[in-house]
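As they're listed, the protein sequences go chains Z and A. Numbering follows the numbering used here, with no gaps: position 295 of the first sequence is 297. Numbering follows the numbering used here, with no gaps: position 4 of the second sequence is 47.
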Amino acid sequence: MAKPASSRSRKPAAGTAAPAPADHNRERPADPKPYQASKEELLEFYKQMLLIRRFEERAGQLYGLGLIGGFCHLYIGQEAVAVGIQSALTPGKDSVITGYRDHGHMLAYGIDPKVIMAELTGREAGISRGKGGSMHMFSVEHKFYGGHGIVGAQVSLGTGLAFGHKYSEDGGVCVAYFGDGAANQGQVYESFNMAALWGLPIIYVIENNQYAMGTSVHRSSSEDRFYLRGESFRIPGIQVDGMDVLACRGATEEALAWIHAGKGPIILEMKTYRYRGHSMSDPAKYRSRDEVQTMRETSDPIEGIKKALADAGIKEDELKSIDAEIRKVVSEAADFAETSPEPVAGELYTDVLVEQY
Amino acid sequence: MPTMNMIQAINSALDVMLERDPDVLLFGEDIGYFGGVFRVTDGLQAKYGKNRCFDTPIAEGGIIGAAIGMGAYGLRPVAEIQFVDYILPAYDQLVSEAARLRYRSGGEFWAPITVRSPYGGGIFGGQTHSQSPEALFAHVVGLKTVIPSNPYDAKGLLISCIEDDDPVIFMEPKRIYNGPFNGKHDEALKNWAGDPSADVPEGHYTVPLGKAAIAREGKDATVLAYGTMVHVAKAGIEDSGVDAELIDLRSIVPLDIETIVASVAKTGRCVILHEATRFAGFGGELSALIQERCFWALKAPIARVAGWDTPYPHAFELDYLPGPGRLAAALVKVMED
Ligand SMILES: Cc1ncc(C[n+]2csc(CCOP(=O)(O)OP(=O)(O)O)c2C)c(N)n1
Ligand SMILES: [Mg+2]
Chain Z
3 MAKPASSRSR KPAAGTAAPA PADHNRERPA DPKPYQASKE ELLEFYKQML
53 LIRRFEERAG QLYGLGLIGG FCHLYIGQEA VAVGIQSALT PGKDSVITGY
103 RDHGHMLAYG IDPKVIMAEL TGREAGISRG KGGSMHMFSV EHKFYGGHGI
153 VGAQVSLGTG LAFGHKYSED GGVCVAYFGD GAANQGQVYE SFNMAALWGL
203 PIIYVIENNQ YAMGTSVHRS SSEDRFYLRG ESFRIPGIQV DGMDVLACRG
253 ATEEALAWIH AGKGPIILEM KTYRYRGHSM SDPAKYRSRD EVQTMRETSD
303 PIEGIKKALA DAGIKEDELK SIDAEIRKVV SEAADFAETS PEPVAGELYT
353 DVLVEQY
Chain A
44 MPTMNMIQAI NSALDVMLER DPDVLLFGED IGYFGGVFRV TDGLQAKYGK
94 NRCFDTPIAE GGIIGAAIGM GAYGLRPVAE IQFVDYILPA YDQLVSEAAR
144 LRYRSGGEFW APITVRSPYG GGIFGGQTHS QSPEALFAHV VGLKTVIPSN
194 PYDAKGLLIS CIEDDDPVIF MEPKRIYNGP FNGKHDEALK NWAGDPSADV
244 PEGHYTVPLG KAAIAREGKD ATVLAYGTMV HVAKAGIEDS GVDAELIDLR
294 SIVPLDIETI VASVAKTGRC VILHEATRFA GFGGELSALI QERCFWALKA
344 PIARVAGWDT PYPHAFELDY LPGPGRLAAA LVKVMED
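So this is what it looks like as C-alpha cells:
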C-alpha cells in the first residue's frame, strides 16, 4: 500500500449490485475498431515504442557487460501492448500492475528511464533504491504498483486495487497484466470470480506471447483462446492483435467504455511475441530461429506504425531525428545507471517494517 | 567411474529410478520438452516418453496437490518446483495434506512424493529466486527435508528420497550445480571435475537419510552446515587457522543428532552456518538441541552465522550471503570466548 486510506467510514460499494440473470445472450462489448490516431498521437506511439526497444537493447548490453546481474526480462517485440493500452489511461488516476517483464510498462507510463536503469544496476538512485532489481519496481506518483516476481500474484493484487478504485469512487480503472503462462495459476480464477461478483473496474490483460519460459502455449493450456477464460465467470473477453498499437488502443477504448458504463471486469487477450529469450540466460532451444525471424519480419510493431506515419505525411527525416533523440535519452540513462553510487550498507535494513527491524 | 557435476548426478538419479520403477513419474514447469531451466531433466522425456516425464502448467498448488493424489493412489511422483521461492502457493498442500495424510488416516494412506527444488543465493536472483526456506519445512511435522552439498551425495540422497515412503523436500543448492563454491564470488567457478565427490557411480546406490557426513575432521570446534554453505565453511575454516570439525548435515529432517553431539562433546565449541535468515532459522533449533545435550561440555556460547534478517536484497548480495570471512571471524571468536 502506498498512501493512507482517506476514510474508513464509507459504505462498501461492492456486493450491492443485483446478480445478473442467467441468460445466454448476455451483453457483450462491441467489436473494437482500430484507433484513429492524430499525427501527434502517431508520433507519440512511435516514440514510446522506440524508447522501449532501445532501452531494452541497452539493458541487454549492460547485462552482457556484467553491470546488471541476475534476472532481466526484456519486452522487445511486445511494445505495442503496453504503449497502446497505457496511452488510453490517465496516469495518476488509473492503476497498472504487472509481472516481472515490467520495464516497458513503466516507460509507457512516463516513468524516468534513468531511475529504471539505475534499479537494474542496483544503485541507490534506482526507483526501488537498488533493493528490488529488474522485476520489482514501483511508482506511487504514477499509480504503478509493480513489478512482481511471483507468476500470477499480480492478478489478485490488481483485483484488490480495482476494489480500491470502486470503494473510493475515484473513477479509476486497474489494468492487471499477466502472461499466457500465468493464466494457468489458480489464483487468477479466484480473482475473476471476485471481480465479476463485485463488479470491479479492472481490465485483465493477458499478454499471450505464446511461450511461458520454455513451454509453448499448446503444451500448457487446454484452452489456448485466453479471451474465453472468463466465460464461466461472465467476464467477456476480446482477442486483439498485440503487434498493432492502434488495435491495442482501440480495444482498450472499448474495454474502458465497458467498465465506465458500470459493467464490471473485462479481459483483453493480446496476441504478441517476444523476440528475445525469456530472460538473459535462455538457451532458446524450444523454438526455431526461423519462427522468430518470421515474426520480426512480418509483424514488428515499430515497423508496422511506420506505414501509418508515412500515410500521415511524416517524413523519414523527422523519424531520424526522433531516433537520435531517443538514443540520447537511453545513453544518458545508461551512463546514469553505471556511474551513480551503490546504496550504503545501512539501507539493507530499512523498509523491512515501518520501524527499523 | 564417470565424473558428474550436481546437475548430471541428479539427472542420473532420476534416470536410474525411472528405469527401475515404473511408478516413478517426473513433472514440473518446463521440465519435459525443454529439460528444465537448469537442464536437470535434460533428455529424460526423450528417453522415457511424455507419460513419465512431462510439463505442467504454471500452477504450483495444483502440481503438488496432484502429486499427493498420485502418491496416495500408489504412484511415486517426483515433482519439480522450478525455484523453491515458488513453493509457497503449494505450502498448503504440503502442510495440510502431504504431511498429515498418514496420521489422519491412521496409517491407511500416505503420499510418497519427492519435491525437488533449487534453493539459495549466489546467482543474483533477488527476492524471488534466492531464498532458503528449509526452516519452513523443518517445522512441519510429517515432512522430511534433505539438502545435498556434492554430486555423490546428491544422487544417493535423491534415490533414497524417491524410495522413501514419506513426503520429502529435496532442496538443490543451485549455486553449486556446476562447481563447488569456494566462497569467493568474484572468482570463476571451479569445475566439479577433480573433486572426489564428483566420482559418481552410474547405477543405483543410496546415501541414507538422517546420516550426517564429517566433511573435515578437527578437534577444537565444530562447524555445522549444509548445501552451499559446506563449501563456504571449508574455506572459512582454512582462513581461520582453527582446527575445526565440519559436519555436513545432509538431511535436516531426519536429523543426525548423534553425530553432532559426539563432535561437540569432543570440541566443546560450535558454530552453525546457514544462508537462511537467522531469526527462527534452523540454526536456532540446532543450537537448542546442542545446548540441551552438550551443556556441560560447552566451553563457549554457540555461535550462528546466517543471512541477515531482511528480505533477500538485489543490491547487497555479496554482503548478504555468508562468506568464508564471516565464518572465520566467528570461529576465531568462539575460540577466544
Ligand atoms: C509462482 C511462480 N512459478 C514459477 C515461476 C518461474 N517463472 C518465471 S516466468 C515464468 C513463465 C511465465 O510465462 P508467461 O506468464 O507467459 O509470461 P512471459 O514470460 O511470457 O511474459 C515462469 C515459469 C515464478 N516466477 N513464479
Ligand atoms: Mg508468455
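For each residue, glycine too, the CB sits at the ideal point set by N, CA and C.
Beta-carbon of residue i versus every beta-carbon of chain Z: anything under 9 Å?
i	result
residue 247 (chain A)	no
residue 98 (chain A)	yes
residue 358 (chain A)	yes
residue 171 (chain A)	yes
residue 129 (chain A)	yes
residue 263 (chain A)	no
residue 142 (chain A)	no
residue 72 (chain A)	yes
residue 102 (chain A)	yes
residue 353 (chain A)	yes
residue 166 (chain A)	yes
residue 224 (chain A)	no
residue 77 (chain A)	yes
Residue i and residue j look like a contact to me (Cβ under 8 Å); what is the Cβ gap, rounded to whole Å?
i	j	result
residue 311 (chain A)	residue 358 (chain A)	So it is not a contact: roughly 40 Å between Cβ atoms.
residue 84 (chain Z)	residue 122 (chain Z)	Contact flag wrong, Cβ pair sits at about 17 Å.
residue 261 (chain Z)	residue 237 (chain Z)	No, residue 261 (chain Z) and residue 237 (chain Z) are not in contact; Cβ-Cβ is about 11 Å, not under 8 Å.
residue 120 (chain Z)	residue 338 (chain Z)	6 Å
residue 128 (chain A)	residue 188 (chain A)	Not really, about 16 Å apart at Cβ, beyond 8 Å.
residue 95 (chain A)	residue 57 (chain A)	At roughly 10 Å, the Cβ-Cβ gap does not stay under 8 Å, so residue 95 (chain A) and residue 57 (chain A) are not in contact.
Would you say residue i reaches chain A, if we count a Cβ-Cβ gap shorter than 9 Å as a contact?
i	result
residue 347 (chain Z)	yes
residue 288 (chain Z)	yes
residue 138 (chain Z)	yes
residue 27 (chain Z)	no
residue 53 (chain Z)	no
residue 3 (chain Z)	Note that residue 3 (chain Z) has pLDDT 44, beneath the 50 cutoff, so the model's placement of it is unreliable and no number is given.
residue 116 (chain Z)	no
residue 233 (chain Z)	no
residue 132 (chain Z)	yes
residue 341 (chain Z)	no
residue 293 (chain Z)	no
residue 356 (chain Z)	no
residue 184 (chain Z)	yes
residue 344 (chain Z)	yes
residue 13 (chain Z)	Reliability fails at residue 13 (chain Z), whose pLDDT of 48 lies under 50, so the model's placement of it is uncertain and no value is given.
Say yes only if the C-beta of residue i is nearer than 8 Å to one or more non-hydrogen atoms of ligand 1, and no if none qualify.
i	result
residue 171 (chain A)	yes
residue 192 (chain Z)	no
residue 214 (chain Z)	yes
residue 102 (chain Z)	yes
residue 81 (chain Z)	no
residue 88 (chain A)	no
residue 148 (chain Z)	no
Would you kindly report the start and end of the unbroken beta strand (DSSP E) that includes residue i?
i	result
residue 319 (chain A)	313-320
residue 38 (chain Z)	Per DSSP, residue 38 (chain Z) belongs to no beta strand (DSSP E) and is neither H nor E.
residue 214 (chain A)	211-216
residue 256 (chain A)	256-259
residue 291 (chain A)	287-291
Given the structure, does residue i come close to ligand 2, in the sense that its CB is under 8 Å from one of the ligand's heavy atoms?
i	result
residue 231 (chain Z)	no
residue 276 (chain Z)	yes
residue 59 (chain Z)	no
residue 72 (chain A)	no
residue 183 (chain Z)	yes
residue 318 (chain Z)	no
residue 94 (chain A)	no
residue 209 (chain Z)	yes
Hey, quick one: how far does the alpha helix (DSSP H) through residue i stretch, first residue to last?
i	result
residue 323 (chain Z)	318-341
residue 291 (chain Z)	291-301
residue 310 (chain A)	300-310
residue 366 (chain A)	Element bounds for residue 366 (chain A): n/a, residue is neither H nor E.
residue 232 (chain A)	Looking at the DSSP string, residue 232 (chain A) is not in any alpha helix (DSSP H), and its letter there is neither H nor E.
Any C-beta of chain C within less than 8 Å: which residues of the segment 144-161 of chain Z qualify? Among the protein chains of the structure shown, namely Z and A, there is no chain C.
Taking only runs of the beta strand (DSSP E) that begin and end inside the segment 121-185 of chain A, which ones reach a length of at least 3 residues, in chain order? 157-162
Taking only runs of the alpha helix (DSSP H) that begin and end inside the segment 51-105 of chain A, which ones reach a length of at least 4 residues, in chain order? 87-91
Please go through the segment 161-242 of chain Z and give each complete beta strand (DSSP E) segment of 3 or more residues, from N-terminal end onward. 176-181, 204-210
Could you tell me which whole alpha helix (DSSP H) segments of length 4 or greater appear in the segment 239-263 of chain Z? 247-262
Uninterrupted alpha helix (DSSP H) stretches inside the segment 322-366 of chain A (no shorter than 4 residues): 325-337, 360-363
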